[in-house]
Every structure is written in C-alpha cells, then in structure tokens.
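**Q**
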Amino acid sequence: MCPTPDAGARRRLRWLALAWLALWATGLAAGNGYVGAERCGACHADELAAWRGSHHDLAMAAATPETVLGDFDDASFTAHGVTSRFYRKDGDYRVRTDGPDGAPADFRIHYTFGWTPLQQYLVRFPDGRVQALGIAWDTRPAEQGGQRWFHLYPDEDAYDHRHPLHWTGRDQTWNYQCAECHSTGLAKGYDAEADRYDTTWAEIDVACEACHGPGADHVAQAEAATADDADDADAWSAGKGLAVDLAAGSASWLQDPTTGLPRRQPPRTSHAELNTCSRCHARRGQIHADYGPDAPLADTHRLALLSQGLYHADGQILDEVFVHGSFIQSRMHQAGVSCGDCHDPHSLQLRAPGNAVCARCHAPARYATVEHHHHPVGDGDGDGDDAGRKGSGTACVDCHMPEQMYMVVDPRADHSLRIPRPDLSVQLGTPNACNGCHTEQSADWAADQVTAWYGQPLRPPHYATALQAGRERAPAAPGLLAALAADAAAPAIARATAVELLAEQPMPLDPELLTRLANSDEPLLRAAAARALERLRPDAAVRIGLGLLDDPVRLVRIDAAQALATFARLEASIPGRESPLRRALAPALAEYRAAQQANAERAEAWLNLGLLAVRLGDNEAAEQDYRQALKLEPDFTPAAVNLADLHRARGDDGSARQVLEAALAGSPDDADLLHALGLLEVRAKRLPAAVAALGRAAALAPEQPRYAYVHALAQQGAGAMDAALASLAEAALRHPNDRDIALALVTLNAERGDTAAAIRWAETYIARFPDPEGQAAALLDRLRSESALKHR
Numbered sequence: 001m002c003p004t005p006d007a008g009a010r011r012r013l014r015w016l017a018l019a020w021l022a023l024w025a026t027g028l029a030a031g032n033g034y035v036g037a038e039r040c041g042a043c044h045a046d047e048l049a050a051w052r053g054s055h056h057d058l059a060m061a062a063a064t065p066e067t068v069l070g071d072f073d074d075a076s077f078t079a080h081g082v083t084s085r086f087y088r089k090d091g092d093y094r095v096r097t098d099g100p101d102g103a104p105a106d107f108r109i110h111y112t113f114g115w116t117p118l119q120q121y122l123v124r125f126p127d128g129r130v131q132a133l134g135i136a137w138d139t140r141p142a143e144q145g146g147q148r149w150f151h152l153y154p155d156e157d158a159y160d161h162r163h164p165l166h167w168t169g170r171d172q173t174w175n176y177q178c179a180e181c182h183s184t185g186l187a188k189g190y191d192a193e194a195d196r197y198d199t200t201w202a203e204i205d206v207a208c209e210a211c212h213g214p215g216a217d218h219v220a221q222a223e224a225a226t227a228d229d230a231d232d233a234d235a236w237s238a239g240k241g242l243a244v245d246l247a248a249g250s251a252s253w254l255q256d257p258t259t260g261l262p263r264r265q266p267p268r269t270s271h272a273e274l275n276t277c278s279r280c281h282a283r284r285g286q287i288h289a290d291y292g293p294d295a296p297l298a299d300t301h302r303l304a305l306l307s308q309g310l311y312h313a314d315g316q317i318l319d320e321v322f323v324h325g326s327f328i329q330s331r332m333h334q335a336g337v338s339c340g341d342c343h344d345p346h347s348l349q350l351r352a353p354g355n356a357v358c359a360r361c362h363a364p365a366r367y368a369t370v371e372h373h374h375h376p377v378g379d380g381d382g383d384g385d386d387a388g389r390k391g392s393g394t395a396c397v398d399c400h401m402p403e404q405m406y407m408v409v410d411p412r413a414d415h416s417l418r419i420p421r422p423d424l425s426v427q428l429g430t431p432n433a434c435n436g437c438h439t440e441q442s443a444d445w446a447a448d449q450v451t452a453w454y455g456q457p458l459r460p461p462h463y464a465t466a467l468q469a470g471r472e473r474a475p476a477a478p479g480l481l482a483a484l485a486a487d488a489a490a491p492a493i494a495r496a497t498a499v500e501l502l503a504e505q506p507m508p509l510d511p512e513l514l515t516r517l518a519n520s521d522e523p524l525l526r527a528a529a530a531r532a533l534e535r536l537r538p539d540a541a542v543r544i545g546l547g548l549l550d551d552p553v554r555l556v557r558i559d560a561a562q563a564l565a566t567f568a569r570l571e572a573s574i575p576g577r578e579s580p581l582r583r584a585l586a587p588a589l590a591e592y593r594a595a596q597q598a599n600a601e602r603a604e605a606w607l608n609l610g611l612l613a614v615r616l617g618d619n620e621a622a623e624q625d626y627r628q629a630l631k632l633e634p635d636f637t638p639a640a641v642n643l644a645d646l647h648r649a650r651g652d653d654g655s656a657r658q659v660l661e662a663a664l665a666g667s668p669d670d671a672d673l674l675h676a677l678g679l680l681e682v683r684a685k686r687l688p689a690a691v692a693a694l695g696r697a698a699a700l701a702p703e704q705p706r707y708a709y710v711h712a713l714a715q716q717g718a719g720a721m722d723a724a725l726a727s728l729a730e731a732a733l734r735h736p737n738d739r740d741i742a743l744a745l746v747t748l749n750a751e752r753g754d755t756a757a758a759i760r761w762a763e764t765y766i767a768r769f770p771d772p773e774g775q776a777a778a779l780l781d782r783l784r785s786e787s788a789l790k791h792r
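With the first letter of the sequence shown counted as 1, position 28 gets the number 28 in the working numbering; the numbers rise by one all the way through.
(1) Counting Cβ pairs, one atom from each stretch, are 3 or more of them under 8 Å apart for the stretch 669 to 686 and the stretch 644 to 658?
(2) Residue ranges of each alpha helix (DSSP H) run of no fewer than 4 residues wholly in the stretch 697 to 735, ordered along the chain?
(3) Between the Cα of Ser794 and the Cα atoms of Ser330, Val746, Ala452, which residue gives the shortest distance?
(4) Where do the N-terminal and C-terminal ends of the beta strand (DSSP E) with Glu371 fall, by residue?
(5) Tell me where the alpha helix (DSSP H) around Met332 begins and ends.
(6) Are there three or more Cβ pairs, one per stretch, closer than 8 Å when the stretch 551 to 559 is compared with the stretch 295 to 311?
(7) Are the Cβ atoms of Gln715 and Ala671 separated by less than 8 Å?
(8) Just list the residues that DSSP pairs Phe769 with in beta bridges.
(9) Just the C-alpha distance for Leu165 and Ile766, rounded to the nearest angstrom, thanks.
(10) Check whether the stretch 487 to 497 and the stretch 303 to 312 are in contact - that is, three or more C-beta pairs closer than 8 Å.
(11) For the beta strand (DSSP E) that Arg148 lies in, which residues bound it at each end?
(12) Please check the pair Leu816 and Gln468, which I expect to be a contact at CB under 8 Å, by giving their CB distance rounded to whole angstroms.
(13) With DSSP as the reference, please indicate the residues paired to Lys631 in a beta bridge.
(14) Can you round the beta-carbon distance between His312 and Thr439 to whole angstroms, since I take them to be within the 8 Å contact cut?
(15) Mind checking who Tyr463 pairs with in its DSSP beta bridge?
(16) Can you say whether Thr394 is buried or exposed, counting buried as having 16 or more other CB atoms within 10 angstroms of its CB?
(17) Give the secondary structure of Lys89 by DSSP, where H, G and I count as helix, E and B as strand, and everything else as coil.
(18) Give me, in chain order, the residues of the same chain whose beta-carbon lies closer than 8 Å to that of Leu677; leave out the 5 immediate sequence neighbours on both sides.
(19) What's the C-alpha gap between Glu763 and Pro478?
(20) Using only the alpha-carbon positions, how far apart do Arg321 and Arg412 sit?
(21) State the beta-bridge partners of Asp410 as determined by DSSP.
(22) Starting from Leu783 and walking both ways along the alpha helix (DSSP H), at which residues does that stretch end?
(23) Check this for me: beta carbons of Glu273 and Leu242, under 8 Å apart or not?
(24) Across the stretch 42 to 61 and the stretch 82 to 97, are there enough close Cβ pairs to call them in contact, namely three or more that are closer than 8 Å?
(25) Which word fits Ser338, buried or exposed, when buried means at least 16 other C-beta atoms lie within 10 angstroms of its C-beta?
(26) Are the Cβ atoms of Gly336 and Pro402 separated by less than 8 Å?
(27) The alpha helix (DSSP H) spanning Gln120 covers which residue range?
(28) Considering only residues of the stretch 493 to 578, which uninterrupted alpha helix (DSSP H) runs meet the minimum length of 4 residues and lie entirely inside it, listed in chain order?
(29) Straight-line CA distance for Gly81 to Pro104?
(30) Of the choices Leu745, Glu156, Ala216, whose alpha-carbon is the least far from that of Ala729?
(31) Taking 8 Å as the threshold (C-beta atoms), are Gln404 and Ile317 in contact?
(32) With DSSP run on the structure shown, which of helix, strand or coil describes Ser84?
(33) Using C-beta distances below 8 Å, list every residue in its chain close to Ile287, excluding the 5 sequence neighbours before and after it, in chain order.
(34) Opposite Ser252 in the DSSP bridges: which residues?
(35) Determine whether the beta carbon atoms of Cys805 and Cys280 lie at a separation below 8 Å.
(36) In chain order, what residues of the same chain lie with their CB nearer than 6 Å to the CB of Ala30, ignoring the 5 residues before and after it?
Below, the structure written as structure tokens:
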C-alpha cells in the first residue's frame with residue numbers, strides 16, 4: 001500500500017487548502033448552497049473520518065509538502081527527446097520542460113492530482129487554463145516498480161508540442177477534461193470570446209456535496225431541530241433538505257434456498273446512487289452544466305456506447321471507459337445491484353476483502369469450490385492460504401472482472417461481471433479471462449477446457465455477434481442488429497449501440513422498430529431512436545420524432561431536434577404551408593445549441609453547430625461556426641473539410657481550394673483533407689491531380705473503404721482501367737463486405753470486356769449481398785448471355 005497522510009497531516013492539509021481557496025476561489029464555498037465537508041462532519045463524524053484519505057478526498061489538492069509525492073529534489077527525466085527537471089524554488093514545486101512552443105521553460109506546479117497508483121501535476125496559466133503534465137509520478141512502492149517519473153504516452157509517435165496529447169494542448173486542459181469530476185461545486189467559467197477561464201469551486205476535492213448536493217438547506221433544517229424534537233418528523237422536510245436521498249435504495253440480499261441465487265429485498269425502485277456515481281465514473285461528454293444528483297445521466301451527459309475502439313464487440317473494456325458503461329451490461333445491474341452494494345461510498349473501499357465481498361450475496365458453498373472455479377486451492381503445503389488470492393484462479397475477480405492497464409500503471413477491473421466466453425474468442429477474436437492468465441494457450445484450448453469442466457454449457461447467443469457484424473458491415477448485419485435492438489432481454493447500452501450501427505447500414509430502417517424504441521423506458525434507447533430518425537422518410541420521422549422533442553430527458557430532446565432539423569427545413573420550403581414541426585423544434589433546438597455552448601472551448605462543439613446550421617439552411621451561420629472551430633484549433637480537419645464543402649455547395653471551388661490547401665499546409669498527411677481535395681480536382685477535371693490526391697488518401701486511411709472506391713473510379717475516369725481494377729481488387733480483400741467495391745468490380749470488368757471476370761464478381765456479389773430488387777441477378781443474366789453469344 002502507498003503511504004497516506006495521518007489524521008494530523010490531513011487536518012493541516014485541510015486548513016492549508018481552505019486558506020488557499022479563500023484567496024483564489026473568492027469564497028465560493030460559502031455560496032451557492034455549499035457548506036463544505038467540515039460543516040458536514042460536525043454531525044456526520046464517522047462518514048467524514050471514512051472519507052478522509054480516500055481517492056475522493058485526495059482527488060485534487062494544492063501542491064504542498066503534505067500532498068506532493070513526487071521527487072522534486074532536482075530530479076531529471078527524459079522522454080520523447082525532452083529532458084524535464086523537477087525542483088523546488090522559494091517554497092514552490094517547479095518543473096523545467098518543453099512549453100507550448102516547444103522551447104524549454106520553467107513552470108510552477110499549482111496542484112496535485114490523484115494519489116495512487118500515480119500522481120499527476122497541474123500548472124495554471126495566465127489565461128486561467130490549468131494543464132496536466134504528461135509526466136507523472138509512480139506512487140507504488142519501489143519493489144513494485146514505483147517511486148519513479150514516467151510518461152503517460154510512452155508509445156505515441158512524433159510526440160512534441162504539436163501533438164494533440166501534449167501537456168499544453170486543449171486535450172490536457174483540466175478545466176474541460178477533468179475538473180467536473182475532481183472538485184465539488186465546480187463552475188467552469190469559460191469566456192468564449194476571450195478564450196479564457198475563470199474556474200471556481202466550492203471545494204478543491206470530491207467532498208460530501210459532490211454526491212449529496214449543496215447542504216445549506218439540510219444544515220438549516222438540522223439547526224432548526226432542537227435536541228428535543230430532532231426525531232420529530234415534522235422538523236424535517238422530505239429529503240431533509242438534500243437534493244437526493246442516497247439511503248433510499250438500502251436493501252438486503254437474500255439467497256434463495258432452492259437455487260442458491262441472491263435476490264434483492266425489497267426490489268430496487270430508486271436509481272439515485274447509480275445516477276450520482278455514473279456522472280463521473282463513465283466515459284461521457286457533458287451536455288448541461290447544472291446537475292441534480294438524482295437526475296438521469298442522460299439529462300446532463302452523453303454516455304459513450306459500445307463503440308469500436310472503446311469496447312470489444314462483446315462489451316469488454318478496451319479503451320479507458322471507466323465503469324458505468326460496463327456495469328450496466330451486467331446481470332448484477334439487471335438484478336438491482338448498485339455501487340454501494342460492493343463499495344463503501346465514503347471510504348470507497350470494498351465492503352469486505354477479496355472473495356468475501358462476493359460472498360455477501362453468493363453462497364461460498366456453491367461458488368468458492370474447485371467444482372466451480374476448477375483451480376487448485378492451496379500452495380501445496382495443505383493450509384489453503386492462497387484460496388481467493390488474486391491471480392490464483394480462485395479469486396472471483398480473476399474470471400469475472402479481468403483487469404486492463406491504463407495510464408501505464410493503473411489496472412482497472414471490467415465491471416460487466418461476465419462469465420468467461422472463450423467460444424466467443426474463437427468466433428470473434430474477443431479476449432477472455434482464461435487466456436488473460438494462460439497466455440501461452442489458445443482460445444480453442446480455453447473453450448475446450450470449459451467444455452471439459454462443465455460438459456456442453458449453455459452458451460446463449462451474445463450481442464457480440466450482432467455488434468461485430470455491424471462493425472464489419474457484414475451482409476447479415478441489418479437483420480442481426482434489428483433483432484438485438486428489439487431484444488428486451490439485452491442490456492440497453494448494447495441495444496442502443498445496435499441502433500447506431502443499424503443506421504449506418506445501407507438497408508432501410510424499419511419505422512415500427514424505431515416507434516417501439518421511442519416508447520421505451522430507457523433514455524439510451526429513446527435517444528438512439530431519435531438519432532436514427534434521419535434515415536426514415538420525412539412523414540415517418542416526424543410522426544415518431546414529435547413526441548421525442550418533449551421527452552423528459554434532455555439527451556433525447558436534443559438528439560431528436562438535430563435529426564428533425566432537415567425535415568423542418570423541407571417542410572418550411574413548401575409554399576403556403578405552415579411549419580408545425582419547426583415551431584415544435586424551437587425549444588429543443590435551443591437546448592441543442594446550449595448543449596454545444598456548454599463545451600464552447602472545443603472545436604467539436606462549433607462543428608456541431610455548423611452542421612446544424614446547414615441542416616436548417618443557414619449557410620452564413622454555418623461558415624461562422626466552422627471558422628470559430630478553426631480559430632480554436634487550426635488543425636481541426638473536420639471543420640476545414642466542411643467549410644470547403646460549404647464553399648463547394650455555393651459553387652465557389654476557389655475558396656474551397658484555399659481552405660483545403662491551407663489546412664494541408666499544416667497537416668500534409670491528413671487523409672480526409674486529401675480526399676476532399678481529390679474530389680475538388682475531379683470537379684475541376686484535373687484528373688491526374690485527382691488520382692494523386694485520392695490515392696494518397698486511400699493509402700493513408702486503408703480502413704476507409706470509400707476512399708479506395710473513389711480512388712479507383714478516378715483512375716478509371718483518367719483512363720487507367722487496369723490500375724482501377726487492381727485498386728478495387730486490393731480493396732475487396734481488405735473490405736469484403738463493401739457492396740460498392742464489389743459491384744464496381746462487376747461493372748468495370750464488364751466495361752473492360754472481361755466478361756468472365758465480371759461474371760465471377762457478379763456471382764460473388766449475389767452470394768454475399770442481398771439483392772431484393774434483382775438488379776444484380778439481372779446483370780448476371782445479361783453477362784452470361786453475352787458470354788454465351790461470344791462462345792457460339
């Protein structure tokens with residue numbers, strides 16, 4: 001265990017932090033209804049004592065001798081060709097490292113960030129930005145590899161001051177990226193016109209009111225209740241003056257004597273605790289700053305779905321997605337388990353050590369046995385002292401909560417609490433807990449072991465199959481995804497992901513499926529249905545979407561507004577016709593714009609506003625929004641591409657070229673910019689230049705089938721048919737499920753006169769892809785007839 005401050009040190013730290021806070025945060029702790037942890041502890045001493053020294057308490061602090069764990073005794077560390085020096089001067093902690101322009105400079109460390117297994121350090125800049133250094137201190141004991149400086153991005157290529165993850169860049173700005181979840185009562189205070197921050201907080205760390213809400217009303221009621229009437233219900237209002245009653249979900253877990261399975265008594269009716277925890281323990285983006293502790297997550301944040309690059313197809317963690325998105329996939333969540341069933345909400349420690357926390361609900365006689373886990377108990381001396389030891393195969397978490405390493409040294413457990421499925425590893429290449437330990441063995445070996453242990457276990461269909469098909473755009477994907485989206489037994493996050501992938505497929509969407517999802521009790525499903533509306537015919541989209549514009553949850557309303565904006569413009573364009581949709585849209589559109597303004601320091605927000613303006617037919621506003629995005633981030637490619645496309649739509653290819661060439665000057669190897677420039681060259685009939693730009697785009701982004709397809713068509717247009725067919729054949733090997741590439745191989749071979757090749761590709765196309773209107777079949781018949789005539 002890493003050292004933690006003793007009680008006296010924590011008291012000194014608290015007073016130091018409060019004294020500093022009074023100078024810098026202008027006394028915010030006394031306002032906005034926040035009273036501070038010390039006042040809460042006057043009545044709730046046990047809870048305050050448990051919180052002291054917790055990860056929440058140590059989430060952030062002023063840099064002092066009591067809080068700084070790193071070596072600042074003139075220590076040096078070199079990474080990515082930069083040597084940084086950590087030292088002290090005039091009582092301050094300082095670092096000399098590369099600054100925003102790449103030149104070495106000296107910076108004062110203002111705050112510590114976190115405690116174990118690593119500690120980061122924050123620097124405040126004159127414009128109010130607080131930036132997180134890319135070098136952190138490994139707080140683990142030396143015997144575990146700790147007590148050293150290390151770089152958080154050791155494997156990034158070309159990492160310097162121009163890299164998006166450089167410590168001085170916007171992606172490392174604490175005010176946007178971190179502050180909301182590391183302090184209490186935060187007000188970001190971003191000024192979009194000046195591009196400055198005036199960020200304040202009620203408390204520097206994650207204190208009582210971060211979860212319970214401002215406590216002033218609660219304190220007032222407590223002070224009004226005398227010692228004689230403190231137990232009198234009339235002395236307290238509902239909720240006792242707190243915004244949320246986190247104790248309302250308390251229950252017992254009983255083990256069914258017949259099945260041995262646990263059940264909650266009483267059944268869960270409140271999700272207040274999960275709503276409160278998920279605001280920070282989730283991969284999500286903020287859409288609204290004002291937060292009520294009991295509000296659904298989707299009222300203030302957009303939860304990341306099971307997207308490629310974030311999760312494996314079966315929902316196991318891949319990128320740093322934290323906990324919530326995993327946990328809501330689990331059978332535990334469906335049964336009513338919440339965070340506090342396993343974790344003490346104040347100390348954040350497990351309710352019991354090791355397997356004992358699981359045994360609070362799951363009978364050890366059933367699960368803590370060799371017959372269940374099939375791993376030997378004991379280390380050979382007969383005392384069984386490694387039973388339940390992590391890594392022994394007898395610990396519940398070994399099989400049901402495998403860990404993934406993030407931030408180089410921080411292992412985090414997958415909270416989907418799943419049964420290992422090596423059979424899915426064989427089928428889809430997803431990881432499994434068995435091979436996580438037995439790395440020398442194959443997934444087939446692990447699947448065979450499971451069969452040998454349990455016979456032929458029940459392996460129900462898994463949503464991984466549908467999500468993987470959707471990611472690969474497999475021919476079977478539309479049917480599999482539609483079935484998953486409609487499956488009420490599947491986790492809502494998996495169903496919402498299926499809807500998102502379904503909307504990317506070439507097949508039409510079923511309006512009745514979206515109608516059912518739009519009436520779901522799950523905000524995630526209603527929001528997914530709202531986003532998919534733009535794939536429907538206008539009449540169906542408006543019929544389903546009008547009700548979603550008045551949904552009780554903000555995310556659903558703004559997603560419906562974005563999707564219906566185009567239809568409102570079409571409706572308004574009909575002469576002599578009123579536009580009821582446009583009137584209904586107005587409040588939700590205002591909320592959508594406000595959601596983007598909540599992140600006005602990000603180029604993505606202005607891009608979204610520009611895209612909305614285009615949907616509404618306001619090209620002037622769109623141009624302003626795109627230019628604001630580029631002002632914030634000159635190398636933000638999507639804004640440049642969309643601004644160029646806006647000029648193209650106006651018939652101004654000259655301005656479009658200027659935008660793209662200016663962007664390429666800063667990012668010469670950006671595939672999206674090169675592809676856009678190539679399309680512009682096609683329109684200008686400069687086919688050699690078009691082929692060159694489109695070819696570079698396809699080579700730089702081989703994962704984009706569209707780029708390869710367009711490049712081949714440009715080669716064909718330039719008269720290089722053999723090169724076009726070679727490009728398409730190579731792309732078909734890489735993207736066997738792309739319909740456009742497959743069909744182009746048919747048509748271009750036919751045009752070239754190679755009927756035999758065209759027939760082979762046509763047969764491949766029909767075997768792989770649906771052909772509901774029989775167009776491919778008719779083409780194949782014609783090709784066969786032509787071939788027969790040639791060989792008479």
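Don't be surprised by glycine CBs; every beta carbon is placed ideally from N, CA and C.
**A** Quick look at the numbers:
(1) Segments in contact, yes.
(2) With a minimum length of 4 residues, the continuous alpha helix (DSSP H) runs that stay inside the stretch 697 to 735 are 705 to 717, 721 to 734.
(3) The first residue shown for the chain is 1 and the last is 792, placing residue 794 beyond what the model contains.
(4) Glu371 -> not in any beta strand (DSSP E); alpha helix (DSSP H) instead, spanning 370 to 373.
(5) 331 to 335 is the extent of the alpha helix (DSSP H) around Met332.
(6) Output reads yes: the stretch 295 to 311 touches the stretch 551 to 559.
(7) The answer is no: Cβ separation not under 8 Å.
(8) In the DSSP output, where bridge partners are listed per residue, Phe769 has none listed.
(9) Looking at the two C-alpha atoms, the distance is approximately 46 Å.
(10) Segments in contact, yes.
(11) Here the beta strand (DSSP E) through Arg148 covers 148 to 151.
(12) No answer is possible for residue 816: it lies beyond the span of the chain, which begins at 1 and ends at 792.
(13) Paired residue(s): none; Lys631 is not in a bridge.
(14) That pair is no contact at about 17 Å.
(15) Beta-bridge pairing links Tyr463 to no other residue.
(16) That one is buried.
(17) Note: Lys89 maps to strand in three-state DSSP.
(18) Cβ neighbours of Leu677 beyond the five flanking positions: Arg657, Leu660, Glu661, Leu664, Ala693.
(19) Taking the straight line joining both Cα atoms gives about 21 Å.
(20) Looking at the sequence provided, one finds Val at residue 321 rather than Arg. Going by C-alpha positions, Val321 is about 10 Å away from Arg412.
(21) Answer is Tyr406, bridged to Asp410.
(22) Start and end: 775 to 790.
(23) Taking 8 Å as the Cβ cut-off, Glu273 and Leu242 do not qualify as a contacting pair.
(24) Because the criterion of three Cβ pairs below 8 Å is not met, the stretch 42 to 61 and the stretch 82 to 97 do not touch.
(25) It is buried - the Cβ of Ser338 has at least 16 other Cβ atoms within 10 Å.
(26) Not in contact: Gly336 and Pro402 (Cβ atoms no closer than 8 Å).
(27) Counting along the chain, Gln120 sits inside no alpha helix (DSSP H); it lies in the beta strand (DSSP E) bounded by residues 118 to 124.
(28) Counting only runs of 4 or more, we get 511 to 518, 523 to 532, 538 to 548, 554 to 572.
(29) The alpha-carbon atoms of Gly81 and Pro104 are separated by roughly 12 Å.
(30) Ranking the options by Cα distance to Ala729, first place goes to Leu745.
(31) Going by C-beta atoms, Ile317 is nearer than 8 Å to Gln404.
(32) DSSP places Ser84 in strand when its eight states are reduced to three.
(33) Counting only Cβ-Cβ distances below 8 Å, and skipping sequence neighbours, we find Thr300, His301, Arg302, Arg554, Leu555, Ile558, Ala595, Ala598.
(34) In DSSP, Ser252 forms a bridge with Gln265.
(35) This structure cannot speak to residue 805, because the chain is shown only from 1 to 792.
(36) Model confidence at Ala30 stands at a pLDDT of 41, short of 50, so the residue's coordinates are unreliable; what they give is reported in the following sentence. Cβ-Cβ distances below 6 Å link Ala30 to nothing in the same chain once the five nearest sequence neighbours on each side are left out.
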